[in-house]
Amino acid sequence: MSSLLDARPRGDIARPAAAEPLLSGRGLRKRYRSGSTILEVLRGVDLEVSPGEFVAVVGQSGSGKSTLLHLLGLLDAPDSGSVHLGGRRIDNLPVSARDTIRNREIGMVFQSYHLLPELDAVENVLAPLYVRHGVIEWLRRRAEARRKAVGLLERFGLGGRLHHRPRQLSGGEMQRVAIARALVAGPRLLLADEPTGNLDAESGAGILEALVELNRADGLSIVMVTHDPVVAARADTIVRLSAGCHAAHVSPRVHE
Amino acid sequence: MYKLLLCCRYLRTRWIALASVISVTLGVATMVVVNAVMAGFSHEMQSRIHGILSDLVFESHSLSGFQDPDWHMQEIRRAGGDSIAGMTPTVAVPAMLSFQVRGQWITRQVMFIGIDAATHASVSDFDEFLQHPSNRKQLTFELHEGGYDTGGSIDGVAGPLRPALEDAGWPHRRRRVEQERLWRDKQGGPVRPLDRQVDAVLAATSPARADDEPEATPAGDAPPADPFKAARPQEGHTMDPAREQFTGIVPGIGLASFRDGTGTDRFLVLPGDDVKVTFPTAGTPPKAVSDTFTVVDFYESKMSEYDSNFVFVPIDSLQRLRGMIEPESGVASVNSIQIKLAAGADLDEVRDRLRKAFPPELYAVSSWRDKQGPLLSAVDMEMAVLNILLFLIVAVAGFGILAIFFMIVVEKTRDIGILKAIGAGSSGIAGIFLGYGLALGLVGGGAGLALGLAITWNINRIRQAVEWCTGERVFDPSIYYFFDIPTIIDPFTISWIITGAVGIAVASSVLPAMRAARLHPVEALRHE
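Here is the structure:
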């Protein structure tokens, strides 16, 4: 099954400590203006993710976890500080280059799934490839891409729901479709924003297991935002944000 | 790829947007129908006018005309070269047409046109507008023994019947003469005014007529044999109106008839009746002379302007009566030459060449378009104004699309955020909505085109259905020149309409598309 992700350059499973970080954020600051008040969300956060590392970002609501993830995922630009991916600074690239990085190197999973309601499960998984390819290119690669998407859905136990629309799926199913979508383009990094936040305990546990499995078996680097300490405990590293500041960096690895 | 896919999906799932293009559909359908009908109307009218008038008219400014039409025709042929396909001389003068209905004289102002029967039909569709089948083949100015077309057909489509024409011609003439004889016998024999006048005219013109006759060959390529000789009253001969006719005359049908409330034609004069025409002589100052003619046929072009104005006679008779033939040399004058151009010749170019070849102080050269300029340009103007007004309807539809697109962009804000999160660029997002606008425009325009063509092809059936439902005539052939609503579907006009409609749909999706493209991904994702 892991062969589905072979296109992705595999991080070194041994994770040497001295290895260059896959992703790093340095001195990230972000403030939002809301009317006359300025809301300082991030006040200089540093974060490093080694290849194959599973990082959980925890903190209270409003501590800037999601904003940090948006900055790392290039959905937003920091006011100051920088984001590096594979040693290359990416936050100041031209818009189209950032679009390409989002499309090819970073997969994102959201709390409320964010599937396109007009598309069925397979099409939602294929969406990043639709975005990447023009019509002619798509027609040439369609069969291969479809196989890959169906394979991912089957891996997540959705083999019987390939052509269901999002509203015909349960929350856990939708989140698994979203994870498949994040993986279809073969990214190096998965950013997950409260992936279990909207799910009941059982579904949430299923999603979490899927992420852990991806990290362990495929060596996928994951940054997951969560407020649930139980969920965070499954990660290699826990980064605690408090009021926009990097408060603590714990490496429990209790499960090994 | 995602742009195409999402456009298709939105098209299938957003019915509200389809509602907004219904106005585009209706606008396009209306424009297609209106343009087809207007073009058909304009074309029919032009071809009819063109059928009445020759391509080019070469005329003198003077009513007296110019001498020697043969020499002029040679010069025209030299100047026009191969573009000239045919020519015929005519003499046209204003005149008064008088006829008697139930003892009362009716006089009408007419354009009295002397034509060369042999060649006139070669420059226009003149023959097609006559009522007797044999005259349609070749006009002879001789009264026929009945057989006039009672169908009143236009372009092969039968109109209302005209039973009055059934026994027109010699039978009508004989009956009338018989009635007059009975009436005269009853009254104790006073000679009726018409007959007295006829005698006077005969007395006045007979000597000249005798002199002129050998030279009175029709100008142009007409055969030298005079077809009217047999019918013409000879000197010293007492005419028997039951067996002989005066010089033939073909008045426009509008002069001889009127249409009553039920739409049937009522005739004041029939072929076989005698009429009097008063017209100016060619000398200076002109003197009015009169002569009696026998109606041998009617001219019906369905253009009331011409049908109630034109009266045709043989050109040699008119030349003789007006004194347009020089007694010594026998050279005749005419005041215009009708010119038919070869197929494919450039009307305006030949006209300009002829204008250059002849002194403009003496001659005017004009095309049939010049002659009907105001009418044709009025129709064109009407079409242009209608098109502008109808296009405004489509433009209004554009604002509907604009509003609905803004709604859709708001509704789709989160989806736009998702697309941006998975790497779609702003131009791609804009492309979705522009493509969606294009698709809606194509759907709306296509549906409008289909609807418009369906209406156009069945417009006469629709008219009949409406007439059947309401019991009123929607399209009155006595007002228009046709029995059926004519339509022409011009592919150029249609592509222009569709392009315009699609362009408006795309243009009105530009603003919403730009708004969608500018959405910030994070804010879009947070949108509830």
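Those protein sequence lines, which keep their order, are chains F and A.
The first sequence: position 27 = 27 (our numbering), numbered continuously.
Count along the second sequence from 1, then add 1000; that gives the number in our numbering.
Glycine included, every Cβ here is placed at the ideal spot set by N, Cα and C.
No experiment lies behind these values; they were computed from the predicted model shown.
Here the alpha carbons of F:I101 and A:A1421 stand approximately 10 Å from one another.
Between A:W1368 and A:L1053 the beta-carbon gap is near 4 Å, inside 8 Å, which marks them as a contact. Residues V1091, G1114, A1216, I1325, A1332, S1333, V1334 of the same chain have their beta carbon placed closer than 8 Å to that of A:Q1319, with the five preceding and five following residues left out of the count. Linking A:G1444 to A:P1512 through their CA atoms gives a straight-line distance of about 19 Å. Counting along the chain, F:E48 sits inside no alpha helix (DSSP H); it lies in the beta strand (DSSP E) bounded by residues 37-49.
Residues of chain F whose Cβ lies closer than 7 Å to the Cβ of A:D1415 are, in chain order, L116.
Chain-order list of chain F residues neighbouring A:Y1436: empty, with the shortest C-beta distance near 12 Å, by a criterion of under 9 Å.
Here A:R1014 carries a coil assignment [DSSP, helix/strand/coil]. By the criterion of a C-beta distance shorter than 6 Å, A:I1401 is surrounded in its chain by S1020, A1505, S1508, once the five residues flanking it on both sides are discounted. Proximity to A:W1170 across A:L1143, A:L1182, A:P1163, A:F1433 peaks at A:L1143, based on C-alpha coordinates. Contact residues of the stretch 1509-1524 of chain A toward chain F are P1521, V1522 (C-beta to C-beta distance below 7 Å).
A:M1087: member of the beta strand (DSSP E) spanning 1084-1101, first to last residue. According to DSSP, residue pairing for F:S34 in a beta bridge involves F:T37. Using a Cβ-Cβ cut-off of 9 Å, F:I207 does not count as an interface residue toward chain A, since no Cβ of chain A sits closer than that to its own. Contacts between A:R1009 and chain F, judged by CB atoms closer than 8 Å, involve E118, L119 in chain order.
Using a Cβ-Cβ cut-off of 9 Å, F:H70 counts as an interface residue toward chain A, since at least one Cβ of chain A sits closer than that to its own.
No Cβ of chain A is located within less than 9 Å of the beta carbon of F:M224. Annotation for F:L241: the continuous beta strand (DSSP E) segment containing it runs 237-242.
With 16 or more other CB atoms across the displayed protein chains lying within 10 angstroms of its CB, A:T1292 is buried.
Rounded to whole angstroms, the Cβ separation of F:V131 and F:N103 is 6 Å, and the two are in contact under 8 Å. Within 7 Å of the CB of A:L1440, no CB atom of chain F is found; the nearest one sits about 16 Å away. At least one CB of chain F lies nearer than 9 Å to the CB of A:A1424. Note on geometry: alpha-carbon atoms of F:A192 and A:A1397 lie some 44 Å from one another. Chain order gives the chain F residues near A:L1005 as Y130, where near means a beta carbon separation below 7 Å. One Cα belongs to A:A1118, the other to A:S1134, and the distance between them is close to 13 Å. Contact check for A:A1357 against A:I1076 passes: the beta carbons are separated by less than 9 Å. The beta carbons of A:G1254 and A:D1297 sit no closer together than 9 Å. Assigned with DSSP and collapsed to three states, A:L1519 falls in coil, not helix or strand. Nearest in C-alpha terms to F:E40, of all of F:S50, F:G64, F:L47, is F:G64.
The stretch 140-216 of chain F is shown to contain whole beta strand (DSSP E) runs of 3 or more residues at 189-193, in chain order.
In the three-state DSSP reduction, A:K1186 falls in the helix class (H, G or I). Residues of chain A with a Cβ closer than 9 Å to the Cβ of F:M174 do not exist; the shortest Cβ-Cβ separation is about 13 Å. Look at the stretch 71-98 of chain F: the residues with a C-beta under 8 Å from a C-beta of chain A are G73, L75, D76, V95, S96.
Looking at the DSSP output, A:K1276 bridges to A:S1098, A:T1292. In this structure the stretch 233-245 of chain F does not lie against the stretch 196-205 of chain F, because fewer than three pairs of beta carbons, one per stretch, are closer than 8 Å. If you look at F:S96, you'll find it in the alpha helix (DSSP H) that goes 95-104.
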